[in-house]
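Q: Before anything else, here's the structure in question.
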Amino acid sequence: MTTVDNDADVIVVGAGPGGSTTAYHLARHGVRVLLLEKTEFPREKVCGDGLTPRAVKQLVKLGVDTSTEAGWLHNRGLRVIGGGVRLELDWPELASFPNYGLVRTRLDFDDLLAKRAVGAGAELRTGMNVTGPVLDEGGRVVGVTAESGPEKAPASFRAPLVIAADGVSGRLPLALGLNKREDRPIGVAVRRYYRSPAKHDDNYLESWLELRSKEHPDKLLPGYGWIFGMGDGRVNVGLGALNSSAAFGKTNYRRLLVDWLAATPTEWGMTDETNADGPILGAALPMGFNRVPHYTRGVLLVGDSGGMVNPFNGEGIAYAMESGELAAEIVVQALARPAGAERERALAGYPAELKARYGGYYRLGNIFVKMIGNPHVMRIATKHGMPHPTLMRFVLKLLANLTDPRGGDAMDRVINAMTKVAPAV
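For the record, in the sequence shown the residue sitting at position 49 is 58 according to this note's numbering, with numbers rising by one throughout.
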């Protein structure tokens with residue numbers, strides 16, 4: 010596959026979960042991979058740190074030991090709080106996915122995945138900030154330019170194909186004129202770590218559908234919240250809001266987080282600033298394929314770079330890893346073909362397969378986002394849905410995208426039918 014003119018067969022920009030997963034699967038197939046990361050590991054990322062069974066499945070495919078002995082905190086499911094009801098929903102028992110979730114800080118999660126990629130044969134270069142594409146005379150991407158290290162020394166790398174896994178900023182796709190679509194949902198989330206002996210080893214991920222402040226308990230705050238135990242004496246606490254909400258862009262979310270936490274029980278340790286471990290940090294959540302096309306001119310978009318966060322639940326890691334695995338499969342087949350029309354035919358299979366897998370589901374998710382942006386609709390759904398555990402188990406399967414495609418139960422068949430009949434985004 011390699012020619013003497015190229016630094017690699019494939020350049021992967023960004024060593025987050027999507028980029029490292031792509032690099033791992035490419036390297037396992039004998040592809041010469043150059044993985045470029047702008048920071049140094051370990052490094053922090055703004056995230057809820059909670060992983061559903063979809064993400065666990067991808068970790069298993071990477072050969073990651075997900076046992077508690079290896080430092081992972083397992084969870085049984087989701088605890089939902091809203092409408093005066095507290096409901097614990099276990100992850101479903103499925104053939105397609107494991108029945109447990111995980112929690113791990115991004116500080117060492119991303120480092121661990123990058124090491125798996127290197128162990129498979131990928132070459133990782135950190136401190137390498139990719140600044141733009143290298144184009145041939147026809148406008149096709151044949152490499153990237155970068156700045157290396159604190160001194161920002163210029164560098165250039167060439168490869169027949171490039172994977173853009175550079176996250177929500179999408180600097181490389183932006184340089185190619187691929188802007189975010191304004192008609193697709195986007196969220197914003199803020200989070201902070203707190204020392205909380207009472208909550209740190211919780212075996213459920215906790216989701217709050219209604220947020221209230223201590224000063225005005227009768228007034229609902231915009232957004233939804235989470236409290237995820239880290240298993241190390243700390244919890245990851247945060248809240249998110251969607252651009253379908255009237256309050257979006259007009260709210261101080263950091264202030265909102267503090268107001269909500271002031272109303273939590275004192276023994277949880279989140280009302281005391283001295284228990285805080287680090288500042289409140291925020292990030293955007295690009296949802297529902299809000300940047301397309303996912304393949305153009307030699308570049309494939311993976312994960313947040315292609316707006317692949319699930320609109321239903323804000324989960325991004327699983328879809329970054331799944332799209333990375335798919336991109337690797339497509340690229341391996343494409344590189345085995347001659348450059349030109351034959352290779353392009355194979356590469357066109359990437360956006361087509363993404364659309365087939367997620368298009369209908371994300372269409373439903375985009376509708377869901379618009380609906381719950383209306384506080385009245387959200388109140389009615391919470392009030393009438395929460396008291397019914399069977400209905401909520403269905404909702405969990407739908408929101409977490411956890412079904413068996415064949416041989417599943419009635420809930421699986423209904424959800425799968427819904428996603429098939431929905432027009433793909």
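All C-beta atoms, glycine included, are put in the ideal place defined by N, C-alpha and C.
List the residues that DSSP assigns as beta-bridge partners of P142.
A: Walking along the sequence shown from the start, residue 142 turns up at place 133. Answer is V153.
Q: Can you pull the DSSP bridge partners for D286?
A: Counting from 1 along the sequence shown, the entry for residue 286 is found at position 277. For D286, which the question treats as bridged, DSSP gives the partners Y202.
Q: Which class does E219 belong to by DSSP, given the choice of helix, strand or coil?
A: Residue 219 sits at position 210 when you count from the first residue of the sequence shown. Three-state DSSP puts E219 in coil, outside helix and strand.
Q: Whole-angstrom Cβ separation of P26 and I424, contact assumed at under 8 Å?
A: As a first step, residue 26 is located in the sequence shown; it is residue number 17 there, counting from the start. As a first step, residue 424 is located in the sequence shown; it is residue number 415 there, counting from the start. Going by Cβ atoms, the distance from P26 to I424 rounds to 25 Å, so no, they are not a contact pair.
Q: From the DSSP output, in three-state form, read off R306 for me.
A: The residue labelled residue 306 in the question sits at position 297 within the sequence shown. Coil at R306, not helix or strand.
Q: Quick test of the definition: if touching needs 3 or more C-beta pairs under 8 Å, does the region 22-39 touch the region 119-138?
A: In this structure the region 22-39 touches the region 119-138; the number of beta carbon pairs closer than 8 Å is three or more.
Q: Give the secondary structure of I235 by DSSP, where H, G and I count as helix, E and B as strand, and everything else as coil.
A: The residue labelled residue 235 in the question sits at position 226 within the sequence shown. Position check: residue 235 holds Trp in this sequence, whereas Ile was assumed. Three-state DSSP puts W235 in a strand.
Q: From A357 to D210, what does the alpha carbon distance come to, in whole angstroms?
A: Taking the sequence shown and counting its residues from 1, one reaches residue 357 at position 348. Taking the sequence shown and counting its residues from 1, one reaches residue 210 at position 201. Whole-angstrom Cα-Cα distance: 45 Å.
Q: Rounding to the nearest angstrom, what Cα-Cα distance links R88 and G382 in this structure?
A: The residue given as residue 88 occupies position 79 in the sequence shown. The residue given as residue 382 occupies position 373 in the sequence shown. Distance between the alpha carbons of R88 and G382: 22 Å.
Q: Can you name, in chain order, every residue of its own chain whose Cβ lies under 6 Å from the Cβ of V301, other than the five neighbours on each side?
A: Sequence index remark: in the sequence shown, residue 301 carries index 292 (1-based). Taken in chain order, the list of residues that qualify is empty.
Q: What would DSSP say about P295, mapped onto helix, strand or coil?
A: Counting from one through the sequence shown, the residue named residue 295 turns up at place 286. In this structure, P295 counts as strand in the three-state DSSP scheme.
Q: Within the 8 Å Cβ cut-off, does K406 reach chain C?
A: This model lacks chain C altogether, as it is built from one protein chain only.
Q: Measuring straight from C-alpha to C-alpha, what distance separates S178 and A293?
A: Here residue 178 refers to the residue found at position 169 when the sequence shown is read from its first residue. Here residue 293 refers to the residue found at position 284 when the sequence shown is read from its first residue. So the two alpha carbons sit approximately 9 Å from each other.
Q: Taking the alpha helix (DSSP H) that S29 belongs to, which residues open and close that run?
A: Residue mapping note: residue 29 aligns to position 20 of the sequence shown, counting from 1. That run of the alpha helix (DSSP H) goes 26-37.
Q: Could you tell me whether the region 400-411 touches the region 59-74, where touching means 3 or more Cβ pairs closer than 8 Å?
A: Contact holds between the region 400-411 and the region 59-74, because three or more Cβ pairs, one in each stretch, are under 8 Å apart.
Q: Going by DSSP, name the residue or residues bridged to S105.
A: Counting from one through the sequence shown, the residue named residue 105 turns up at place 96. Bridge partners of S105: none, in fact.
Q: Quick check on DSSP: helix, strand or coil for T11?
A: Walking along the sequence shown from the start, residue 11 turns up at place 2. Note that T11 scores 43 on pLDDT, short of 50, meaning its location in the model is unreliable and no value can be drawn from it.
Q: I'd like to know if the region 252-271 and the region 189-203 are in contact, where contact means that at least 3 CB-CB pairs between them fall below 8 Å.
A: yes
Q: Determine the closest residue to A129 out of E353, L43, I389, with distance taken between C-alpha atoms.
A: Locating residue 129 in the sequence shown gives position 120, where the first residue counts as 1. Out of E353, L43, I389, L43 has the C-alpha closest to the C-alpha of A129.
Q: Per DSSP, which one or two residues make a beta bridge with G374?
A: Counting from 1 along the sequence shown, the entry for residue 374 is found at position 365. The beta-bridge partner set that DSSP reports for G374 is empty.
Q: What are the complete alpha helix (DSSP H) segments, minimum 4 residues, inside the region 36-110?
A: 62-70
Q: Can you grab the Cα-Cα spacing for the pair N108 / G86, in whole Å?
A: Within the sequence shown, numbered from 1, the residue matching residue 108 stands at position 99. Within the sequence shown, numbered from 1, the residue matching residue 86 stands at position 77. For N108 and G86, the distance between alpha carbons rounds to 8 Å.
Q: Identify whether N425 lies in helix, strand or coil by the three-state DSSP scheme.
A: Residue mapping note: residue 425 aligns to position 416 of the sequence shown, counting from 1. It is helical.
Q: What does a CB cutoff of less than 6 Å around M10 pick up in its chain, not counting 5 residues either side in sequence?
A: Start at 1 with the first residue of the sequence shown, and residue 10 comes out as number 1. Reliability fails at M10, whose pLDDT of 43 lies under 50, so the model's placement of it is uncertain and no value is given.
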